[in-house]
Amino acid sequence: MIEDEWWDATRERRLVVQRCPCGHVQHYPRELCTGCGGTSLTFADTSGHGTVDSFTVVHRAPAPDLDVPYTVARVRLAEGPIILTHLDGPGPWTCDEPVRLGWRPLPDGRNLPVFMKEARWTSN
1 MIEDEWWDAT
11 RERRLVVQRC
21 PCGHVQHYPR
31 ELCTGCGGTS
41 LTFADTSGHG
51 TVDSFTVVHR
61 APAPDLDVPY
71 TVARVRLAEG
81 PIILTHLDGP
91 GPWTCDEPVR
101 LGWRPLPDGR
111 NLPVFMKEAR
121 WTSN
């Protein structure tokens, strides 16, 4: 399945998106390009940088084994696609905030991509 290749990349802590010869870049993995309908999609590594598009803080867990509060967000990757993810680290969060990729290990060896505040570099 196409999703297996995406999850395999997370084992190496690589966040990948699909690219089509037409120039379209997409996430989540699909069999067809959502830009042109083509099937010649390949996986490409991302830079790991993005911007918070929207978010919500969850205060009431949907299952008893989840710790609250946690923040779920849409992050627009620097490459263009949007990924639904968790925001890690202290808030407060704001829309349009720059974020960078981090990883949360899963028990089976895969890693879940999460995002944290982008370090703000200053020049001297």
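Counting in the UniProt record's numbering, the sequence shown runs from 1 upward without gaps. Where is the CB? At the ideal position from N, CA and C, for every residue including glycine. The model shown is predicted, which means the values in this text are computed figures rather than measured ones.
For residue 103, no alpha helix (DSSP H) run applies; the uninterrupted beta strand (DSSP E) run containing it begins and ends at 98–105, by DSSP. Between the C-alpha atoms of residue 31 and residue 93 there is a straight-line separation of about 34 Å.
Judged by DSSP in its simplified three-state form, residue 10 adopts helix. About 7 Å separates the Cβ atoms of residue 11 and residue 111, confirming a contact at the 8 Å cut-off.
For residue 63, there is no enclosing beta strand (DSSP E), as DSSP marks it with neither H nor E.
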